[in-house]
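The numbering used here puts the first residue of the sequence shown at 5, with every later residue one more than the last.
All C-beta atoms, glycine included, are put in the ideal place defined by N, C-alpha and C.
Being a predicted model, the structure only gives us computed values, none of them experimental.
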Amino acid sequence: MSKPNSEKQKMATSREVYHRIVWDARLNANAFTIGYRDRRWEERIWEKPLVEWQADGDIPWHRIRYFRCQDTIVWDRDRHLDLLSTDELPPAAWVTPAQAQINPVTSEINNSATSKSTISTFKARPVYEYISLSWQAVDRTTSTKSNTLKIVSLNVLCDTYESEIIQTAKRIPVIAAHLRSGDADIIALQEVTLPLLEFLLTQDWVRDYFISESPSGSTLPSHGILILSKLPFTLVEHEYSQHKRVLVGTWLVNDEQLQVAAVHLTSDRARNAIEKRTHQISILLEYLKTQPGDCLIVGDFNTRNDELAEILTANNYIDVWQELHPEAAGYTFDPQQNPLAALMSLTGEVARLDRILLRDEDKRWIPQSIELFANEAIPDTEATLYPSDHFGIKAVLRSSIDLLLQTIPPVYQSAVVVIPPAEIWSPIQTIRRRFDRRFDRWMPHINLLYGFLPAEYFESAANAIAQALKEIKPFAITLENFATFTHRSSCTAWLRPVAEPPSALDELQSILQQIFPQCNEQSTKSSAGFTPHLSVGQFRTAQAAISQLPEWYPLTFPVESIALISRKGDEPFQVRYLVELETGKVESVSNKVVSNLMQIANQLSPELSPEQQTHRESILSVLQQACQECLGFPTSLHLLGSARLGVQTLHSDIDAMCLIPADLSAQAFLQSVQQKLQDLCEKSILVEDAIMPVLRMQIEGVGLDLLVARTTHDIAKLKQLQAALPSKFDPVSWKAVLGCLEADAIVQTVTQRLPFESFQKLLRAVRGWAKARQIHGNAWGFLGNFTWTLLAAWSCQNYPQDMTSPETENLLVHFFQKLSQHDWSQPISLSEAGRNYRVLSKDWLPIITAIEPCQNSARNVCRSTAKILQSEFDRAAKLAAQALADRISWSNIFEIIDLHTQTPQFLVLTATTANETDREIYSGWLLGHIIGLVIDLERQLNISVRPWPEIIIKNHTSSAILGLEISATSQLVEIEQIAKKFIDRFNYDRISNPHNKWEIVVCDRETLTQQLN
């Protein structure tokens, strides 16, 4: 009869085999070869000499298939073969006398047999992770990014002594609560018993950690050491004796190894305690010498004063408490305060028994803080019972150069700048107000880094900057004279900042550039490198700038800090953090909470300043002149959308339509305009394959979309579009004309009931709210600008006549209440014709145009987005009523939604392209077709979908994200299949670049965050 499987000889892991060969002095590592599979070429086995293998490198241990000693396979995963465990190895595996002194892995002379024998006594142990509702052994170390590490150590006090008095059952929940609130990355506990382990494993928060002990506690002595970690790690153990051991974990953080040894050295209850502690720490230090990367030793050292200082200093360890609090005692064992310590103490003396030591010769980790915790009596015990006889210690280490921050792409809504003091702004702002079209967006400033990290990373970025700025002393800047940058069709005027000492400003920028190498636009945009400047205006030519700028008198000011600034939406830049030079002090600048409704609306959707409006009008006149020259006769441009209604913002494009004769093709006319303006345009794209051709341009930072309408009307006599006849236009052209007529109908409807300015304020607030709540964009199944305009106009049309106060607050409350209460089986429209529209089954939100033939302007709304919109209407109606009654702030309504939290799963479609032109084509296709994928997912799987209403651009990638509410994980495969069929529809014959590709990912929230970062 064969033996049960449980009695088979356990096979060593690949990691154990590797370390056995490396550290067993009898084995010749040069004779061994590793066979492994590469994930990129799964079909074949690759080989590498063992001495060239990088432990915990890019290839995980589970991909090793076998170990070969010359021609003999000595370990084979698939065949369950392990000749090393029984030493049944070929002669070539063993070292000859001549080889005995050489370590093949480190290529160093092995003069220490003791060292190697010590290493071999550190045995690998499994680490456990909570997977699929159970704790399972895992063997992996994946690199994690982190700018801080929180380390906690606590001797929890076993009940070996005085068990009736120390009330362990009462203390265990309190200990667990302290550990949870500490939110540490790595926790080291001493004197852990099985009851404490079992209790911890019942806690939900512990399931986010990897642990060093099996759930049964099979390797836990009567009391022992336990490591918990949020980050994956591997583990070795050394037994000093039957009851005393040390655990050493290995982490890969920011692509560098980190060793953390959890210790509980012999106490003074033992004979020869000092000698034993010295021996124990010596063995550990000898092992850690062989390990790459930084090292921490944490736990209960049972040592007083400087007993081990000499050996630790010789091995380059610092005591974090002494480093940060050299004058503070930091007692973790205090019989005078803690009755449990008094009970356990042999002498009644206070001591700092618990410590955190750091060896970091490359200064990758900077101790930021260390403090005691669990150092107060348990409530309702009359100060007779503490969580343990020891107090815990908690340290925070911060990455000196934050590698995580270096992986985050820069955005152009944030910057690091020098801001002159407000008292010298007046002469600068006088010039900027007249000449700088970005006057309302920027304060006077000198860019050091722009773009910069998104604002959510500012706290970490400020702390990383603070460490570096401690080396920079304050200096002075003089704004000496004007200079200019010349562009292709314009120039920028600026004030020249001259530093004293002369190199101070360049050195400051260089240091910041080293911390954030990806934010390099200021130093790479020209061959001259970093050119500090304070912009004051834009001009046609340098000569125009010189002739128009006033005489300048130099101004000098001190530079004592730098500012991290950002903006939200269309609001102006605001200072979020200040970092002082020399001291490194970081100050968070709390901007006043805005409670006034129109202040909030103007922040989210700011009006154009008079200067900005004038600038746009000048650009529009240039476009009109080009159209007239191409046609050969005078013509006028007809504005559409926001520009026609007077609610455009800084980021609004100018949408315009030009009437042309019917015998002239739209493409030919637009091509001639494009050619006419080519020297003025920063960007110019003629979209010919759309239903309605459009010329998309950017001139001096302003976007323009030019449409055409071909007509048989006498254009010179057609002064007003209201007189236009549909029969005089082809069907496509008439749609463009309808865009103008619909806007005019809105104006006419609203002004019959309210001042048009009141409607404009309402619409600005509504659009700002929709963007904050991420429910804008017709392409995504939400509502476009025109539909929001229709709803705002309909709300004003139905504003009660007995309410004579058309303030924006009242109008907004009425707007949300009407939408919240509306029966969506009935259409919304401004006209009788629209209200007679026959609602179809696909019309989830029938919001109908006013002019015949009436159509549903919200035809892209689907089941999921209709539900989201209705939920948002209900939410806003409740909050607006409370805000009107002054019970809450108006800002509550405009709270920016975090789409990460709205769904548990996400579908991410990413197009990677070889160049910017292809990226725009892929992005355009995604934007134009993504609603089809949303509807496919709804219909085929009956799931709810939450679109993220933007294409996320990063370098040459374009990503669309759909949040998913699924009922079963089995649907994940079907989701991928549907998405694959969706992107298979993409077919552009003019794109054949083999580097272009699509990627489909279905992931959870954590994975999505990592991918976006």
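Helix, strand or coil, according to DSSP, for Val865 in the structure here?
As a first step, residue 865 is located in the sequence shown; it is residue number 861 there, counting from the start. Of the three classes helix, strand and coil, the one that applies to Val865 here is coil, per DSSP.
Tell me the residue span of the beta strand (DSSP E) that contains Phe905.
Position 901 of the sequence shown, counting from 1, holds the residue named residue 905. Just to set this straight, residue 905 is Thr in the shown sequence, not Phe. Here Thr905 belongs to no beta strand (DSSP E), and DSSP marks it neither H nor E.
Which listed residue (Asp42, Arg48 and Thr90) has its alpha carbon closest to that of Val21
Position 17 of the sequence shown, counted from the first residue, corresponds to residue 21. Selected option, being the one with the closest Cα: Thr90.
Buried or exposed for Pro998, please, with buried defined as at least 16 other CB atoms from any protein chain shown within 10 angstroms of its CB.
Reading the sequence shown from its first residue, position 994 is the one you call residue 998. By the neighbour-count rule (16 or more Cβ atoms within 10 Å), Pro998 is not buried but exposed.
So, is Glu217 buried or exposed, given that buried needs 16 or more other C-beta atoms within 10 angstroms?
Counted from its first residue, the sequence shown places residue 217 at position 213. Result: buried.
Starting from Trp79, follow its DSSP beta bridges and name the residues at the other end.
Mapped onto the sequence shown, residue 79 falls at position 75. Looking at the DSSP assignment, Trp79 forms a beta bridge with Phe71 and Asp86.
Every unbroken alpha helix (DSSP H) inside the region 811-841 [4 residues or more]
812-825 and 836-839
Rounded to a whole number of angstroms, what is the C-alpha to C-alpha distance between Ser10 and Ile155?
Indexing the sequence shown from 1 puts residue 10 at position 6. Indexing the sequence shown from 1 puts residue 155 at position 151. Legend: pLDDT at Ser10 = 37, less than 50; position of this residue unreliable, no value from coordinates given.
Compare the beta carbon distance of Phe786 and Pro953 with 8 angstroms and say whether it is the shorter of the two.
What you label residue 786 is simply residue 782 of the sequence shown in a count that begins at 1. What you label residue 953 is simply residue 949 of the sequence shown in a count that begins at 1. Contact: yes.
Use the C-beta contact count for Val651: other C-beta atoms within 10 angstroms, 16 or more gives buried, fewer gives exposed.
Your numbering for residue 651 matches position 647 in the sequence shown. Answer is buried; the Cβ neighbour count reaches 16.
Contacting residues, own chain, Cβ-Cβ under 6 angstroms from Thr907 (five flanking each side not counted):
Counting from 1 along the sequence shown, the entry for residue 907 is found at position 903. Spatial neighbours of Thr907 in its own chain (CB-CB distance under 6 angstroms, excluding positions within 5 residues in sequence) are listed in chain order as Arg950, Gly967, Leu968 and Glu969.
Quick check: the region 35-55 against the region 67-81, are at least 3 beta-carbon pairs closer than 8 angstroms?
yes
His84 burial status per 10 Å Cβ neighbour count (16 or more: buried):
What you label residue 84 is simply residue 80 of the sequence shown in a count that begins at 1. The residue in question, His84, is exposed, as its Cβ has fewer than 16 Cβ neighbours within 10 Å.
Taking all protein chains shown into account, decide if Leu350 is buried (16 or more other Cβ within 10 angstroms of its Cβ) or exposed.
In the sequence shown, counting from the first residue as 1, residue 350 sits at position 346. Under this definition Leu350 is an exposed residue.
Mind checking Ser592: buried by the 16 CB within 10 Å criterion, or exposed?
Looking up residue 592 in the sequence shown gives position 588. Under this definition Ser592 is an exposed residue.
So, are the CB atoms of Arg19 and Trp50 less than 8 angstroms apart?
Within the sequence shown, numbered from 1, the residue matching residue 19 stands at position 15. Within the sequence shown, numbered from 1, the residue matching residue 50 stands at position 46. Judged by beta-carbon spacing, Trp50 lies beyond the 8 angstroms limit of Arg19, meaning their Cβ atoms are not closer than that value.
In whole angstroms, what is the alpha-carbon distance linking Leu262 and Val912?
As a working note, residue 262 is residue 258 in the sequence shown. As a working note, residue 912 is residue 908 in the sequence shown. Spanning the two alpha carbons is a distance of roughly 33 angstroms.
Between the alpha carbons of Arg281 and His227, how many angstroms are there, rounded?
On the sequence shown, residue 281 is found 277 positions in, with the first residue counted as 1. On the sequence shown, residue 227 is found 223 positions in, with the first residue counted as 1. Roughly 18 angstroms between the two C-alpha positions.
One question on the structure: do Cys800 and Leu758 come within less than 8 angstroms of each other, judged by their Cβ atoms?
On the sequence shown, residue 800 is found 796 positions in, with the first residue counted as 1. On the sequence shown, residue 758 is found 754 positions in, with the first residue counted as 1. Yes, the pair counts as a contact, with Cβ atoms nearer than the cut-off.
Using 8 angstroms as the threshold, is the C-beta distance between Asn151 and Ala472 below it?
What you label residue 151 is simply residue 147 of the sequence shown in a count that begins at 1. What you label residue 472 is simply residue 468 of the sequence shown in a count that begins at 1. Taking 8 angstroms as the Cβ cut-off, Asn151 and Ala472 do not qualify as a contacting pair.
Nearest to Ser185 by alpha carbon, out of Ile703, Arg363 and Val210?
By one-based count along the sequence shown, residue 185 stands at place 181. Of Ile703, Arg363 and Val210, the residue nearest in Cα terms is Val210.
Are the region 447-460 and the region 414-424 touching by the rule of at least three beta carbon pairs closer than 8 angstroms?
yes
When you compare only the Cα positions, how much space is there between Phe986 and Ala188?
Within the sequence shown, residue 986 is the residue found at index 982, counting from 1. Within the sequence shown, residue 188 is the residue found at index 184, counting from 1. Those two C-alpha atoms are separated by around 44 angstroms.
Trp894 vs Ile604 beta-carbon contact at 8 angstroms:
Translated into the one-based positions of the sequence shown, residue 894 becomes position 890. Translated into the one-based positions of the sequence shown, residue 604 becomes position 600. Going by C-beta atoms, Trp894 is nearer than 8 angstroms to Ile604.
Name the two residues that bound the continuous beta strand (DSSP E) containing Phe543.
Your numbering for residue 543 matches position 539 in the sequence shown. That run of the beta strand (DSSP E) goes Leu538 to Phe543.
Quick one: residues in its chain with C-beta nearer than 6 angstroms to the C-beta of Leu937, no 5 flanking neighbours on either side, listed in chain order?
As a working mapping, residue 937 is identified with position 933 in the sequence shown. The answer, listed in chain order, is Phe986.
Quick one, which of Lys52, Ile68 and Ser138 has its alpha-carbon nearest Val40's?
For the purposes of this step, residue 40 is taken as the residue at position 36 of the sequence shown. The sequence shown places Tyr at residue 40, not Val. It is Ile68 whose Cα lies nearest to the Cα of Tyr40.
Quick one: Cα of Leu2 to Cα of Glu1003, how far?
Because the chain is modelled from 5 through 1017, residue 2 falls outside the range shown and cannot be assessed.
Who are the near neighbours of Arg500 in its chain, counting only those whose CB is closer than 6 angstroms to its CB and skipping five residues on each side?
The sequence position of residue 500 within the sequence shown is 496, counting from 1. Once the five neighbours on either side are set aside, the close Cβ partners of Arg500 are Glu484, Asn485 and Ala487.
Close beta carbons around Asn1000, own chain, < 8 angstroms, minus the five adjacent residues each side
Walking along the sequence shown from the start, residue 1000 turns up at place 996. The residues are Ala915, Thr916, Thr917, Ala918, Asp922 and Tyr926.
Mapping the DSSP letters down to three states, classify His242 as helix, strand or coil.
Reading the sequence shown from its first residue, position 238 is the one you call residue 242. Strand at His242.
In the DSSP assignment, what residue or residues form a beta bridge with Cys1007?
Along the sequence shown, one-based indexing puts residue 1007 at 1003. The partner list for Cys1007 (beta bridge, DSSP) reads Phe910.
Determine, using beta carbons only, whether Gln284 and Leu269 come nearer to each other than 8 angstroms.
Indexing the sequence shown from 1 puts residue 284 at position 280. Indexing the sequence shown from 1 puts residue 269 at position 265. Yes; because the gap between Cβ atoms is below 8 angstroms, this pair is in contact.
Whose CA, out of Leu815, Ser551 and His537, lies closest to the CA of Phe543?
Numbered from its first residue, the sequence shown carries residue 543 at position 539. Of Leu815, Ser551 and His537, the smallest CA-CA separation from Phe543 is found for Ser551.
Are the region 628-637 and the region 659-676 in contact at 8 angstroms, needing three or more beta carbon pairs?
yes
When burial is assigned at 16 or more other CB atoms within 10 Å of the CB, is Lys596 buried or exposed?
As a position in the sequence shown, residue 596 is number 592, starting the count at 1. With a pLDDT of only 37 at Lys596, under the threshold of 50, the placement of this residue in the model should not be trusted, and no figure is reported.
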